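Numbering (full-length UniProt numbering), first residue to last: 1 to 192.
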(Lines of atoms letter the chains of each structure in order from A; the text may use other names.)
(Lines give C-alpha, C1' and ligand atoms only; values in the text may rest on other atoms or scores of the structure.)
Protein backbone atom coordinates (compact mmCIF):
# COMPACT_ATOMS: atom_id res chain seq x y z
CA UNK A 1 0.00 0.00 0.00
CA UNK A 2 2.92 2.33 0.66
CA UNK A 3 3.56 5.01 3.24
CA UNK A 4 1.83 8.34 3.68
CA UNK A 5 3.78 11.11 1.93
CA UNK A 6 5.92 12.87 4.59
CA UNK A 7 4.95 16.22 3.06
CA UNK A 8 1.36 15.57 4.02
CA UNK A 9 2.23 14.63 7.57
CA UNK A 10 1.93 18.10 9.08
CA UNK A 11 2.12 18.69 12.82
CA UNK A 12 -1.52 17.72 13.24
CA UNK A 13 -3.95 15.19 11.82
CA UNK A 14 -6.13 17.68 9.96
CA UNK A 15 -4.29 17.20 6.65
CA UNK A 16 -5.16 13.48 6.66
CA UNK A 17 -8.76 14.20 7.61
CA UNK A 18 -9.05 16.85 4.87
CA UNK A 19 -7.59 14.41 2.35
CA UNK A 20 -10.15 11.81 3.36
CA UNK A 21 -13.06 14.28 3.15
CA UNK A 22 -11.90 15.57 -0.23
CA UNK A 23 -11.66 12.01 -1.57
CA UNK A 24 -15.46 11.93 -1.74
CA UNK A 25 -16.01 15.22 -3.62
CA UNK A 26 -14.80 18.80 -3.97
CA UNK A 27 -15.54 20.87 -0.86
CA UNK A 28 -15.62 24.62 -0.29
CA UNK A 29 -13.26 26.15 2.23
CA UNK A 30 -16.18 27.06 4.51
CA UNK A 31 -17.64 23.54 4.47
CA UNK A 32 -14.20 22.04 5.10
CA UNK A 33 -13.73 24.46 8.00
CA UNK A 34 -17.01 23.29 9.54
CA UNK A 35 -16.28 19.58 8.94
CA UNK A 36 -12.83 19.85 10.52
CA UNK A 37 -13.93 22.17 13.33
CA UNK A 38 -11.13 24.63 12.59
CA UNK A 39 -10.99 28.42 12.52
CA UNK A 40 -10.95 30.29 9.20
CA UNK A 41 -7.22 31.06 9.50
CA UNK A 42 -6.23 27.49 10.40
CA UNK A 43 -8.30 26.15 7.50
CA UNK A 44 -6.67 28.62 5.11
CA UNK A 45 -3.20 27.63 6.36
CA UNK A 46 -4.01 23.93 5.96
CA UNK A 47 -5.30 24.45 2.41
CA UNK A 48 -2.23 26.52 1.48
CA UNK A 49 0.01 23.74 2.78
CA UNK A 50 -1.90 21.07 0.84
CA UNK A 51 -1.77 23.20 -2.32
CA UNK A 52 1.96 23.76 -1.77
CA UNK A 53 2.64 20.02 -1.78
CA UNK A 54 0.31 19.65 -4.78
CA UNK A 55 -2.36 17.49 -3.11
CA UNK A 56 -5.28 19.81 -3.83
CA UNK A 57 -6.29 22.49 -6.30
CA UNK A 58 -9.04 25.12 -6.24
CA UNK A 59 -11.97 24.55 -8.62
CA UNK A 60 -15.32 26.23 -9.21
CA UNK A 61 -16.93 23.68 -6.84
CA UNK A 62 -14.38 24.16 -4.06
CA UNK A 63 -11.13 22.35 -3.42
CA UNK A 64 -10.50 19.06 -5.18
CA UNK A 65 -7.74 16.48 -5.10
CA UNK A 66 -4.99 16.45 -7.68
CA UNK A 67 -3.69 13.18 -9.09
CA UNK A 68 -1.05 13.12 -6.33
CA UNK A 69 -3.75 13.82 -3.74
CA UNK A 70 -5.92 11.02 -5.10
CA UNK A 71 -3.05 8.54 -4.68
CA UNK A 72 -2.78 9.53 -1.03
CA UNK A 73 -6.55 9.34 -0.57
CA UNK A 74 -6.62 5.82 -2.00
CA UNK A 75 -4.30 4.72 0.81
CA UNK A 76 -6.78 6.06 3.36
CA UNK A 77 -9.74 4.53 1.54
CA UNK A 78 -7.92 1.19 1.57
CA UNK A 79 -8.33 1.08 5.35
CA UNK A 80 -11.32 3.26 6.24
CA UNK A 81 -14.75 1.73 5.76
CA UNK A 82 -16.33 4.21 8.17
CA UNK A 83 -15.13 6.62 10.80
CA UNK A 84 -17.30 8.44 13.29
CA UNK A 85 -17.68 9.98 16.69
CA UNK A 86 -19.33 7.50 19.04
CA UNK A 87 -20.88 7.43 22.48
CA UNK A 88 -18.89 5.04 24.66
CA UNK A 89 -21.89 4.39 26.87
CA UNK A 90 -20.96 2.84 30.20
CA UNK A 91 -17.75 1.30 28.85
CA UNK A 92 -15.56 4.34 29.60
CA UNK A 93 -17.27 7.11 31.56
CA UNK A 94 -16.87 10.80 30.70
CA UNK A 95 -14.75 10.19 27.59
CA UNK A 96 -15.22 11.07 23.93
CA UNK A 97 -14.64 8.34 21.39
CA UNK A 98 -13.90 8.05 17.68
CA UNK A 99 -14.24 4.71 15.96
CA UNK A 100 -12.61 3.37 12.82
CA UNK A 101 -14.46 0.58 11.06
CA UNK A 102 -11.50 -0.83 9.15
CA UNK A 103 -11.64 -2.90 6.01
CA UNK A 104 -9.14 -5.59 5.11
CA UNK A 105 -6.96 -4.82 8.12
CA UNK A 106 -4.00 -7.14 8.16
CA UNK A 107 -1.57 -5.50 10.51
CA UNK A 108 1.00 -7.26 12.60
CA UNK A 109 0.53 -4.63 15.32
CA UNK A 110 -0.50 -5.81 18.75
CA UNK A 111 -3.28 -4.12 20.71
CA UNK A 112 -0.86 -2.47 23.13
CA UNK A 113 1.09 -1.00 20.18
CA UNK A 114 -2.10 0.45 18.72
CA UNK A 115 -3.00 1.87 22.15
CA UNK A 116 0.47 3.43 22.49
CA UNK A 117 0.20 5.04 19.05
CA UNK A 118 -3.08 6.68 20.08
CA UNK A 119 -1.58 7.88 23.36
CA UNK A 120 1.40 9.47 21.56
CA UNK A 121 -1.08 11.64 19.63
CA UNK A 122 -2.90 12.82 22.75
CA UNK A 123 -5.59 10.18 23.28
CA UNK A 124 -5.93 8.37 26.59
CA UNK A 125 -6.14 4.94 25.01
CA UNK A 126 -7.56 2.76 22.28
CA UNK A 127 -9.66 -0.38 22.08
CA UNK A 128 -9.25 -2.98 19.34
CA UNK A 129 -12.42 -4.94 18.64
CA UNK A 130 -13.36 -7.67 16.19
CA UNK A 131 -16.84 -8.26 14.84
CA UNK A 132 -18.23 -11.78 15.00
CA UNK A 133 -21.63 -13.36 14.44
CA UNK A 134 -22.25 -12.82 18.16
CA UNK A 135 -21.34 -9.10 18.11
CA UNK A 136 -18.21 -7.12 18.91
CA UNK A 137 -15.47 -8.81 20.91
CA UNK A 138 -12.18 -7.54 22.32
CA UNK A 139 -9.13 -8.78 20.41
CA UNK A 140 -7.13 -8.82 23.65
CA UNK A 141 -8.31 -11.73 25.85
CA UNK A 142 -7.40 -9.83 29.05
CA UNK A 143 -10.33 -7.44 28.51
CA UNK A 144 -13.01 -10.01 27.62
CA UNK A 145 -14.83 -9.50 30.93
CA UNK A 146 -16.06 -6.11 29.62
CA UNK A 147 -17.62 -7.42 26.39
CA UNK A 148 -21.19 -7.04 27.64
CA UNK A 149 -20.54 -3.27 27.63
CA UNK A 150 -19.81 -3.20 23.87
CA UNK A 151 -23.46 -3.24 22.78
CA UNK A 152 -23.73 0.57 22.76
CA UNK A 153 -20.75 0.83 20.38
CA UNK A 154 -22.06 -1.98 18.19
CA UNK A 155 -25.44 -0.25 17.74
CA UNK A 156 -23.73 2.89 16.42
CA UNK A 157 -21.73 1.10 13.72
CA UNK A 158 -23.63 -0.06 10.67
CA UNK A 159 -22.59 -2.81 8.30
CA UNK A 160 -20.30 -4.78 10.60
CA UNK A 161 -19.39 -8.15 9.14
CA UNK A 162 -17.72 -11.19 10.65
CA UNK A 163 -13.99 -10.51 11.26
CA UNK A 164 -14.25 -6.74 10.62
CA UNK A 165 -11.95 -4.73 12.87
CA UNK A 166 -13.09 -1.73 14.88
CA UNK A 167 -10.58 0.54 16.60
CA UNK A 168 -11.86 3.06 19.12
CA UNK A 169 -9.66 5.91 20.32
CA UNK A 170 -10.84 7.78 23.40
CA UNK A 171 -9.91 10.87 25.41
CA UNK A 172 -11.44 13.57 27.60
CA UNK A 173 -12.03 15.74 24.52
CA UNK A 174 -13.03 14.87 20.98
CA UNK A 175 -10.00 16.47 19.33
CA UNK A 176 -7.52 14.27 21.22
CA UNK A 177 -9.62 11.16 20.57
CA UNK A 178 -9.70 11.98 16.86
CA UNK A 179 -5.96 12.75 16.80
CA UNK A 180 -5.27 9.35 18.34
CA UNK A 181 -7.35 7.59 15.71
CA UNK A 182 -5.72 9.43 12.79
CA UNK A 183 -2.29 8.59 14.19
CA UNK A 184 -3.33 4.92 14.29
CA UNK A 185 -4.57 5.10 10.68
CA UNK A 186 -1.32 6.71 9.51
CA UNK A 187 0.74 4.04 11.29
CA UNK A 188 -1.39 1.22 9.87
CA UNK A 189 -0.84 2.56 6.35
CA UNK A 190 2.89 3.03 6.89
CA UNK A 191 3.17 -0.50 8.35
CA UNK A 192 1.25 -2.02 5.44
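Note that the Cβ used here is the ideal one computed from N, Cα and C, for glycine as well.
From a predicted model like this one, the values you see are computed outputs, not experimental measurements.
Relative to the ligand MG, is the shortest distance from any of its heavy atoms to the C-beta of residue 173 smaller than 6 Å?
-> Annotation note on the ligand MG: not contained in the displayed structure, which lists no ligands.
Item checked: Proximity winner among 123, 192 and 16, relative to residue 201 (alpha-carbon distances) -> A query on residue 201 cannot be resolved here, the shown segment of the chain reaching from 1 to 192 and no further.
Of the choices 60, 29, 59 and 35, whose alpha-carbon is the least far from that of residue 45?
29
- Item | Span of the alpha helix (DSSP H) around residue 111 | 111–120
**Request:** Kindly indicate which residue of 106, 192 and 185 has the alpha-carbon position closest to the one of residue 98.
**Result:** 185
- prompt: Near residue 85, which residues of its chain fall below 6 Å by C-beta distance, leaving aside the five closest residues on each side in sequence?
  reply: Excluding sequence neighbours, residue 85 sits near 98.
Does the distance from the CB of residue 165 to the CB of residue 102 come in under 7 Å? Between residue 165 and residue 102, the gap from beta carbon to beta carbon is short of 7 Å.
Exercise. Assign residue 96 to one of two classes, buried (16 or more other C-beta atoms within 10 Å of its C-beta) or exposed (fewer than that).
Key: buried
So within the UniProt domain "DUF4443" (103–188), which uninterrupted beta strand (DSSP E) runs reach at least 3 residues, ignoring any that extend past its ends?
Contiguous beta strand (DSSP E) elements confined to the UniProt domain "DUF4443" (103–188) occur at 125–132, 135–138 and 165–171, taking only those with 3 or more residues.
- Query: From which residue to which residue does the beta strand (DSSP E) around residue 64 run?
  - Reply: Looking at the DSSP string, the run of the beta strand (DSSP E) that includes residue 64 is 62–65.
*Using a threshold of 7 Å, state whether the C-beta atoms of residue 169 and residue 126 are closer than that.*
Yes, the pair counts as a contact, with Cβ atoms nearer than the cut-off.
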